[in-house]
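Asker: Numbering (the numbering used here), first residue to last: 177 to 622. Every residue, glycine too, gets a C-beta built ideally from N, C-alpha and C. Take this structure, written in structure tokens, and hold onto it; I'll ask about it next.
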Ligand SMILES: Cc1cc2nc3c(=O)[nH]c(=O)nc-3n(C[C@H](O)[C@H](O)[C@H](O)COP(=O)(O)OP(=O)(O)OC[C@H]3O[C@@H](n4cnc5c(N)ncnc54)[C@H](O)[C@@H]3O)c2cc1C
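Structure (structure tokens):
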């Protein structure tokens, strides 16, 4: 008997269609033939079986943040899990069972009620499943590691036989290879995650800082920050934002799991070597620190291009000058280069122990720009692509959660030497390559 779609189904022509299809990145919009908002696990099983029986292209979606819109598809089926978003906390074991459609805001806010935290990204609207499957970096990374380092169990709907779908439970002991692949192998490659179980950490007050300098100080601030941020106390994770020259601001933000007094000591090198125009420090309950880091207006859909890389060694003066030159000739005010310090607990896990490859990088570096009119797209995209290319001699790879279709050798960039094992897992779990998109992991015979 043919499988029926179940859940909340939105079709072209429905009043809800435009909102239902739109992702955060409005560039190159896509028009699915149907979007199914799954309400429970069986809706996910039905959706996968339905797509396979009908031979429909399909994509899996959570928080809609894919830079390249890998979670939507023209004329096909979008399997959206955002309405499956329960978060259940087991206080004695300090673990949390999270339905895969939850966003980070729901996860952080629920855990905070119990004085717990999952180290994850900063923006509340990012989907927990997409983030975790690619790694998950944020302001607790240097102290506790990546989000994927906290995974205990994953429930996943996978292809079965010629047309069917099945559900598997994946842990370090059971389907060990799939579990390994879920820790950094990227979303949408192997199956549809319906639930994730994480270990969490007790958390209370944290200390945060914001320091701002003039654009002209870029080179010396950069040198100081990169020589300090990946090596300072592991309880301190920080970022450095370089903005278009027109904005006249270089900004470092950071979070320290400790006292304000100790934080003042720790940030001294940053301030002493480069006189800032503004320094702010605060001690806050952990859940309030997000107000410090996030734009209060939230994340609105826009046209954007983003890409990234990792710095394994300090960027030499030549590389810093390149970034400065690009920001002096930015396409608009939004253009920025953003870096986050790694090291600490991120680098304590071996490169081969999880699919997340870039364990030894000192920083993650992201190139961003956004625009408002279609005619500006070309210039903005070229700016990001050229900037990444010119930084290549000083950087390596890219974070799979910052995918970029202009990267030709993306398997090496995202996965390095882990790509081979990822293909083995793919061949075992999805030999017919049912889960496929422009940069999906191919099984061996493809
Ligand atoms: C504004 C913004 C802020 C960000 N901040 C951070 C940050 O602080 N730290 C960080 O590490 N990253 C960050 N990212 C990157 C983010 O981790 C990735 O964009 C991630 O893939 C988003 O997942 P999503 O569910 O929101 O997006 P979606 O577009 O819904 O999905 C992204 C990918 O994951 C797949 N996927 C989604 N759900 C599932 C599922 N249930 N099962 C299998 N595959 C699934 C999709 O098919 C797609 O390939 C940010 C991105 C943006 C746009």
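Have a look at 471, 348 and 496 and flag the residue whose alpha-carbon is nearest the alpha-carbon of residue 393.
Answerer: 496
Asker: Which residues in the same chain as residue 621 place their Cβ atom closer than 6 Å to its Cβ, once the five residues preceding and following it in sequence are excluded?
Answerer: When the five nearest sequence neighbours on each side are left out, no beta carbon in the same chain lies closer than 6 Å to the beta carbon of residue 621.
Asker: Which two residues bound the contiguous alpha helix (DSSP H) that contains residue 498?
Answerer: 493-504
Asker: According to DSSP, simplified to helix, strand and coil, what is residue 280?
Answerer: helix
Asker: If you run the structure through DSSP and keep just helix, strand and coil, what is residue 148?
Answerer: The requested residue 148 is not part of the displayed model; the chain covers only 177 to 622.
Asker: Could you check where the alpha helix (DSSP H) with residue 297 kicks off and where it finishes?
Answerer: Run containing residue 297: none; DSSP gives neither H nor E here.
Asker: Would residue 455 and residue 382 qualify as a contact pair, given that the criterion is a beta-carbon distance under 8 Å?
Answerer: Not a contact, by the Cβ cut-off of 8 Å.
Asker: For residue 371 and residue 331, what's the separation of their Cα atoms in angstroms?
Answerer: 5 Å
Asker: So residue 273 and residue 264 are in contact, right, with Cβ under 8 Å, and what is the actual spacing, rounded?
Answerer: 5 Å
Asker: With a threshold of 16 other CB atoms inside 10 Å of the CB of residue 228, please say whether the residue is buried or exposed.
Answerer: buried
Asker: Decide if residue 615 is buried, meaning its Cβ has at least 16 other Cβ atoms within 10 Å, or exposed.
Answerer: buried
Asker: Which whole runs of the beta strand (DSSP E) in the region 455-488 are 3 residues long or more, in chain order?
Answerer: 479-487
Asker: Beta carbon of residue 374: closer than 7 Å to some heavy atom of ligand 1?
Answerer: no
Asker: What's the call for residue 325, buried or exposed, on a 16-neighbour Cβ count within 10 Å?
Answerer: buried
Asker: Hey, residue 535 and residue 413 are a contact pair by Cβ (cut 8 Å); roughly how many whole angstroms apart?
Answerer: Rounded, the Cβ-Cβ distance is 15 Å, inconsistent with contact.
Asker: Using only the heavy atoms of ligand 1, determine whether one of them is closer than 7 Å to the beta carbon of residue 239.
Answerer: It does: the Cβ of residue 239 is within 7 Å (strictly closer) of some heavy atom of ligand 1.
Asker: For residue 578, write down the residues that DSSP places opposite it in a beta bridge.
Answerer: None; residue 578 has no bridge partner.
Asker: By the 10 Å Cβ neighbour count, where 16 or more other Cβ atoms means buried, how is residue 235 classified, buried or exposed?
Answerer: buried
Asker: Starting from residue 440, trace the alpha helix (DSSP H) in both directions and tell me its first and last residue.
Answerer: 436-442
Asker: Can you determine whether any heavy atom of ligand 1 sits closer than 7 Å to the C-beta of residue 398, and answer yes or no?
Answerer: no
Asker: Using only the alpha-carbon positions, how far apart do residue 208 and residue 510 sit?
Answerer: 30 Å
Asker: What does DSSP give as the partner residues of residue 345 in its beta bridges?
Answerer: 331
Asker: Mark residue 431 as exposed unless 16 or more other C-beta atoms lie within 10 angstroms of its C-beta, in which case mark it buried.
Answerer: buried
Asker: Where do the N-terminal and C-terminal ends of the alpha helix (DSSP H) with residue 350 fall, by residue?
Answerer: Neither: residue 350 is in no alpha helix (DSSP H) and is coded neither H nor E.
Asker: Contact check, residue 195 vs residue 245 under 8 Å by CB: the rounded distance?
Answerer: Not quite, the Cβ-Cβ distance comes to about 16 Å (not below 8 Å), so this is no contact.
Asker: When the Cα of residue 453 is compared with those of 387, 419, 515 and 470, which residue comes out closest?
Answerer: With respect to the C-alpha of residue 453, the residue from 387, 419, 515 and 470 having the closest C-alpha is 387.
Asker: I need the boundaries of the alpha helix (DSSP H) containing residue 219, first residue and last residue.
Answerer: 217-230
Asker: Would the region 246-266 and the region 363-377 be scored as touching if the rule is three or more Cβ pairs under 8 Å?
Answerer: Flag = yes, the region 246-266 and the region 363-377 touch.
Asker: Nearest to residue 251 by CA position, among 281, 380 and 210, is which residue?
Answerer: The shortest CA-to-CA distance from residue 251 to any of 281, 380 and 210 is the one to 210.
Asker: If distances are taken between C-alpha atoms only, which option among 543, 320, 185 and 603 comes closest to residue 419?
Answerer: 543
Asker: When the Cα atoms are used, what is the spatial distance from residue 379 to residue 213?
Answerer: 34 Å
Asker: Where do the N-terminal and C-terminal ends of the beta strand (DSSP E) with residue 419 fall, by residue?
Answerer: 412-419
Asker: Determine the contact status of residue 363 and residue 305, defining contact as a CB-CB distance below 8 Å.
Answerer: Result yes, Cβ atoms of residue 363 and residue 305 sit closer than 8 Å.
Asker: If you reduce the DSSP assignment to three classes, tell me which class residue 309 lands in.
Answerer: helix
Asker: Would you mind working out which of 221, 216, 300 and 249 sits nearest residue 275, comparing C-alpha positions?
Answerer: 216
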